[in-house]
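Engineer: Per full-length UniProt numbering, the very first residue in the sequence shown carries number 1; after that it's consecutive. Beta carbons are placed, not taken as given, at the ideal position from N, Cα and C, and that holds for glycine. Here's a structure for you.
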Amino acid sequence: MDIKTILGNERLYLDGGMGSMIQKRIENPGPIPEELNLTHPEVIGEIQAAYVAAGADILVANTFGANGHKMAGSPYSVDEVVRAAVHIAKARHPRFVAMDIGPTGALIGDLGDLSFDAAKACFAEAVRAGAAAGADLIFIETMTDIYEARAAVLAAKEHCDLPIICSMTYEDNSRTLTGSDPETVVTILEGLGVDAIGINCSTGPDKMMPVIDRLLKAASVPIVVEPNAGLPRVVDGETVYDIDAAAFAGSMCEIAVKGAAVLGGCCGTTPDYIAATIARTRSVALPARGGARRPMRIASSTRTVTLGTDIRVIGEAINPTTNPELKADLRQGRMAVVKRLALEQKQQGADILDVNVGLPEVDEAALMVQAVHAISQVVELPLQIDSTKPEVIEAVLKNYNGKPLVNSVNGEAASMAGILPIVAHYGAAVLGLTLDDDGIPATAAGRVAVADKLIAEAAKQGIGVEHIAIDCLVLTASAQQAGVRETLDAVRAVKAKYGVPTVLGVSNISFGLPNRRLINKTFLTMALSAGLDTPIMKAADAEMMNAVSAYRALAGLDDGCMAYVAAYKDDQNIEMAAAGPGQTTDAQNEENGEAVSASGEADVIGMVVDGLKDEIVPVVQEMLTRMPPMDIVNNYLIPGLDKIGDLFETGEVFLPNLIFAAETVQNAFAEIKKAIKSDEQTVKGTVVLATVKGDVHDIGKNILRVIMENYGYRVVDLGKDVDPEVIVDAARREGAGLVGLSALMTTTVKNMEITIARLKAELPEVPVMVGGAVMNETYAQSIHADFYGKDARAGVAIADKVFGG
């Protein structure tokens, strides 16, 4: 039976930790253990045979790191390594063989040096080889970045027709390294059409429970769980884990009861762990699939917004039609106004941002990609891509890091044929306009009929109703007064029939009438009462936002009216009340010390926090004409970094924000260095960073380098797969006051211990900090590191402690 048919209807079992099993058999497997498929196939076969004997249904081929980026210096090709791995696994005769895809080991897109397209190409090469070798499914695992996971899923979809499982790894805050929460992961991956979603590595099964609960609640596809055997530690020179097979199986039984459909193990889980898990869980019934339809969700990489169950405001400001300043900026290919409008609408309370860059005589596709890219760097709100041109929509969806709403498709045959396949392939949601070849139907019944056609055609493309919103279209009251009632009746009918999110461009109602704000506000309240839940409107209009807030309180959407009370508890101050939730008056800004002077200098800290790396340059240039360079550094740039660091610590912003803030400071520093005198430059201290011998992962190290440099440290980055002697020599030669070591793979932690021992023997006065996915405080102490840095922010704090910064 095909595994896609079995998934979710029968509990399946994966194998366990290949890396830790290799480590038991080969002392130094090298930075690319996948090469063992060719050099030591008998070792890989022996390990996999033991997992089959333990009862595993799915053998995961030894292809985790088999991609062009990691294997750049290998004497073997990706194709031959992958084919050998799949053949070894198939020769063990399991029920199924999974082609394993792990991360490239690099940050991609704006966060790193590997582009989305390059990552996707790496994965495509591996997918083709695995499918040709006879794999039964594609298993994408241990992904720390949803953007990279998306690249892998699209590569799999475009180069084979095998079922796809995608599994992420989470930090202690229940988010991935780059800030995606479980709901966002589910939203994006289900949109892409994966067959199951998982969590693996990270930690032991007990600490995974909160994320597992959220995945099970959010997902409509089966959930896969592969924990580590707890935390690693060193005993008598050997790496051991703190959860034994019996305790592991007990936790996995609890996970099975919760409803996870596929169970297995990651680091440290031997065949005994898998056998014990199967024995404890085989009799646990798998909950029936189905149930209530999930609501529509769209997402950026770090925030999910649910539509149709509450009022969600789509901000309409990023549209050049009525904004001459934006029009001029776009024509010059600049994004300063776009970013400002995005930040303003977030502050004003918009939940989603509509993005329209349609202008005559511009390359709309290129401009839309540029605008979406710019907005995504400064706000975390999901986006609505506003274009009717398939080429524009596809240009954005190819690379967008999230699940956007596409505005729009309509009932014309050409529109549906051109746009719906693109939406389906790239996993977006779509807004359907109730017009067709005959125009906008005059009656509510006519518009519902168009909605029927749109939803039916979307279903043929594999787009379920949970990915569709409907716009019943607002006609201008001054010209078609009777149409107002028909629009409202159509909203009621569509909501009653399909339960989908309902959208209206509210301000269209008032064209040609005086006091448009009054008409807009009144129509908004009428439409909300009729079932409108996703208005497209001007978030800067305080009265409109107030109306939404009041409606939510009166309609029971604001439980206990708590949000309303919080927003208006000081409503005796009439000016404050008029400003609306999320908005402030000029007087309040003055009081909070946030008023921006003509030079903009008071907003430099905010520019750092918001990641406005281009906009900060002219502001710093002007400030340099009036104040010493180091005053700018000490009074604005460093406080900006401290503020974003504090927000990162409290979970209010995530790794991308931290990196974009650091890049903003880098741009500011570039201007300051032109003006600063050499004797004014101060270096807090020298730090040597390296990924240890045998490990080709350097994501965390690279992030730390960027952040530390902006805090005034001189960083000597030795790269990855670095011999202990090279690290010792560099620390001595550069006069380092601190050495930072990174390791991601369990097979390379031993080399970290060896490196620390060498440093302690030859440079005992130089403290060592360690970090990486396999590390924790206890493990760091056991290998005699002086400090454990769980992230870049912690690394800076350690350096400040060491150097007295």
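Between which two residues does the beta strand (DSSP E) harbouring residue 410 extend?
Structural biologist: Residue mapping note: residue 410 aligns to position 410 of the sequence shown, counting from 1. Start and end: 405-410.
Engineer: I'd like to confirm the pairing. Which residues does DSSP put opposite residue 13 in its beta bridges?
Structural biologist: For the purposes of this step, residue 13 is taken as the residue at position 13 of the sequence shown. BP columns for residue 13 point to 263.
Engineer: Going by C-alpha to C-alpha distance, which of 546, 122 and 694 sits closest to residue 153?
Structural biologist: Here residue 153 refers to the residue found at position 153 when the sequence shown is read from its first residue. Of the listed residues, the one whose Cα sits closest to residue 153 is 122.
Engineer: When the Cα atoms are used, what is the spatial distance from residue 630 to residue 293?
Structural biologist: Within the sequence shown, numbered from 1, the residue matching residue 630 stands at position 630. Within the sequence shown, numbered from 1, the residue matching residue 293 stands at position 293. Those two C-alpha atoms are separated by around 58 Å.
Engineer: First and last residue of the alpha helix (DSSP H) that includes residue 782?
Structural biologist: Position 782 of the sequence shown, counting from 1, holds the residue named residue 782. 777-782 is the span of the alpha helix (DSSP H), which, as asked, contains residue 782.
Engineer: Could you name the residues of the same chain whose beta carbon sits closer than 7 Å to that of residue 728, not counting the 5 residues immediately before and after it, in chain order?
Structural biologist: Within the sequence shown, the letter at position 728 stands for residue 728. Within the same chain, residue 728 has close Cβ partners 758, 759, 762 and 763.
Engineer: Pick from 251, 306 and 148: whose alpha carbon is nearest that of residue 183?
Structural biologist: The residue labelled residue 183 in the question sits at position 183 within the sequence shown. Checked all of 251, 306 and 148; the closest Cα to residue 183 is 306.
Engineer: Grouping DSSP H, G and I as helix and E and B as strand, with all else coil, what is residue 353?
Structural biologist: Within the sequence shown, numbered from 1, the residue matching residue 353 stands at position 353. Three-state DSSP puts residue 353 in a strand.
Engineer: Rounded to the nearest angstrom, what separates residue 573 and residue 519 at their Cα positions?
Structural biologist: For the purposes of this step, residue 573 is taken as the residue at position 573 of the sequence shown. For the purposes of this step, residue 519 is taken as the residue at position 519 of the sequence shown. Legend: pLDDT at residue 573 = 45, less than 50; position of this residue unreliable, value from coordinates given subsequently. Whole-angstrom Cα-Cα distance: 26 Å.
Engineer: Just verifying my parser: in three-state terms, what is the DSSP assignment at residue 384?
Structural biologist: Here residue 384 refers to the residue found at position 384 when the sequence shown is read from its first residue. Residue 384 falls in the strand class under three-state DSSP.
Engineer: Counting contacts by CB-CB distance shorter than 9 Å, is residue 658 in contact with chain D?
Structural biologist: In the structure shown, chain D cannot be found, because there is only a single protein chain.
Engineer: At what residues does the beta strand (DSSP E) containing residue 809 begin and finish?
Structural biologist: This structure leaves residue 809 out entirely; the chain is present only between 1 and 805.
Engineer: For residue 889, which of 413, 219 and 522 has the nearest alpha-carbon?
Structural biologist: Here the chain has residues from 1 to 805 only, and residue 889 is not among them.
Engineer: Expressed to the nearest angstrom, what Euclidean distance is found between the alpha-carbon atoms of residue 693 and residue 31?
Structural biologist: Position 693 of the sequence shown, counted from the first residue, corresponds to residue 693. Position 31 of the sequence shown, counted from the first residue, corresponds to residue 31. Each residue's alpha carbon lies about 8 Å from the other.
Engineer: If we ignore side chains and look at the alpha-carbon of each, how far apart do residue 301 and residue 150 end up?
Structural biologist: Within the sequence shown, the letter at position 301 stands for residue 301. Within the sequence shown, the letter at position 150 stands for residue 150. If I take the Cα positions, the gap works out to 11 Å.
Engineer: Could you say which of 566, 674 and 515 lies nearest to residue 625 if we only look at CA atoms?
Structural biologist: Stepping through the sequence shown from its first residue, residue 625 is reached at position 625. Nearest option by C-alpha distance: 674.
Engineer: Quick test of the definition: if touching needs 3 or more C-beta pairs under 8 Å, does the segment 235-243 touch the segment 208-216?
Structural biologist: The answer is no - the segment 208-216 does not touch the segment 235-243, with fewer than three Cβ pairs under 8 Å.
Engineer: So does the segment 633-652 actually touch the segment 687-705, counting three or more Cβ pairs closer than 8 Å?
Structural biologist: Flag = no, the segment 633-652 and the segment 687-705 do not touch.
Engineer: Can you list, in chain order, the residues of its chain whose CB lies under 7 Å from that of residue 721, leaving out five sequence neighbours each side?
Structural biologist: Along the sequence shown, read from residue 1 onward, the residue named residue 721 stands at position 721. Only 31, 691, 693, 694, 695 and 696 meet the Cβ criterion.
Engineer: So residue 176 and residue 169 are supposed to be a Cβ contact under 8 Å. How far apart are they, rounded?
Structural biologist: Your numbering for residue 176 matches position 176 in the sequence shown. Your numbering for residue 169 matches position 169 in the sequence shown. About 7 Å; that satisfies the 8 Å criterion.
Engineer: Counting C-beta neighbours from all protein chains within 10 Å, is the total for residue 482 16 or more, i.e. buried, or is it exposed?
Structural biologist: Within the sequence shown, numbered from 1, the residue matching residue 482 stands at position 482. Its Cβ having fewer than 16 others within 10 Å, residue 482 is exposed.
Engineer: Measuring CB to CB, does residue 741 end up less than 9 Å from residue 797?
Structural biologist: Counted from its first residue, the sequence shown places residue 741 at position 741. Counted from its first residue, the sequence shown places residue 797 at position 797. No, the pair does not count as a contact, with Cβ atoms beyond the cut-off.
Engineer: By the three-class DSSP mapping on this structure, what secondary structure does residue 294 have?
Structural biologist: Start at 1 with the first residue of the sequence shown, and residue 294 comes out as number 294. Of the three classes helix, strand and coil, the one that applies to residue 294 here is coil, per DSSP.
Engineer: May I have the straight-line CA-CA distance separating residue 382 from residue 621, to the nearest angstrom?
Structural biologist: Here the question's residue 382 lines up with position 382 in the sequence shown. Here the question's residue 621 lines up with position 621 in the sequence shown. If you take the alpha carbons of residue 382 and residue 621, they lie about 33 Å apart.
Engineer: Under a three-way DSSP split, which group does residue 232 fall into?
Structural biologist: One-based indexing of the sequence shown puts residue 232 at position 232. The answer is strand: DSSP assigns residue 232 an E or B state.
Engineer: In angstroms with no decimal places, state the Cα-to-Cα distance between residue 323 and residue 477.
Structural biologist: The sequence position of residue 323 within the sequence shown is 323, counting from 1. The sequence position of residue 477 within the sequence shown is 477, counting from 1. Straight-line Cα distance between these residues: approximately 23 Å.
Engineer: Determine the contact status of residue 536 and residue 504, defining contact as a CB-CB distance below 9 Å.
Structural biologist: As a first step, residue 536 is located in the sequence shown; it is residue number 536 there, counting from the start. As a first step, residue 504 is located in the sequence shown; it is residue number 504 there, counting from the start. In contact: residue 536 and residue 504 (Cβ atoms closer than 9 Å).
Engineer: Is residue 99 helix, strand or coil by DSSP?
Structural biologist: Numbered from 1 along the sequence shown, position 99 holds the residue referred to as residue 99. Here residue 99 sits in strand by DSSP.
Engineer: List the whole-angstrom C-beta distance separating residue 204 from residue 229, where the pair is believed to meet the contact cut-off of C-beta under 8 Å.
Structural biologist: Residue mapping note: residue 204 aligns to position 204 of the sequence shown, counting from 1. Residue mapping note: residue 229 aligns to position 229 of the sequence shown, counting from 1. With a Cβ gap of about 7 Å, residue 204 and residue 229 count as contacting.
Engineer: Hey, is the segment 1-17 in contact with the segment 47-65, meaning 3+ C-beta pairs nearer than 8 Å?
Structural biologist: As far as the Cβ criterion goes, the segment 1-17 touches the segment 47-65, which means the pair count is three or higher.
Engineer: For residue 41, I'd like the list of residues in its chain whose CB is within less than 8 Å of its CB, leaving aside the five on either flank, ordered along the chain.
Structural biologist: As a working mapping, residue 41 is identified with position 41 in the sequence shown. Cβ within range, chain order: 84 and 88.
Engineer: Excluding the five sequence neighbours on either side, which residues of its own chain have a C-beta within less than 7 Å of the C-beta of residue 96, listed in chain order?
Structural biologist: Stepping through the sequence shown from its first residue, residue 96 is reached at position 96. Answer for residue 96: 3, 57, 58, 136 and 137, listed in chain order.
Engineer: Give the straight-line distance between the Cα atoms of residue 508 and residue 335, rounded to the nearest whole angstrom.
Structural biologist: If you number the sequence shown from 1, residue 508 lands on position 508. If you number the sequence shown from 1, residue 335 lands on position 335. Looking at the two C-alpha atoms, the distance is approximately 26 Å.
Engineer: If you draw a straight line from the C-alpha of residue 575 to the C-alpha of residue 327, how long is it?
Structural biologist: As a first step, residue 575 is located in the sequence shown; it is residue number 575 there, counting from the start. As a first step, residue 327 is located in the sequence shown; it is residue number 327 there, counting from the start. Residue placement at residue 575 cannot be trusted, given a pLDDT of 46 that sits under 50; what the coordinates show is reported in the next sentence. Roughly 32 Å between the two C-alpha positions.
Engineer: Could you say which of 410, 69, 127 and 392 lies nearest to residue 158 if we only look at CA atoms?
Structural biologist: Here residue 158 corresponds to residue number 158 of the sequence shown, with the count starting at 1. Checking every option, the nearest Cα to that of residue 158 belongs to 127.
Engineer: Taking DSSP's pairing of strands, which residues face residue 742 in a bridge?
Structural biologist: Here residue 742 refers to the residue found at position 742 of the sequence shown. Partner(s): 691 and 771.
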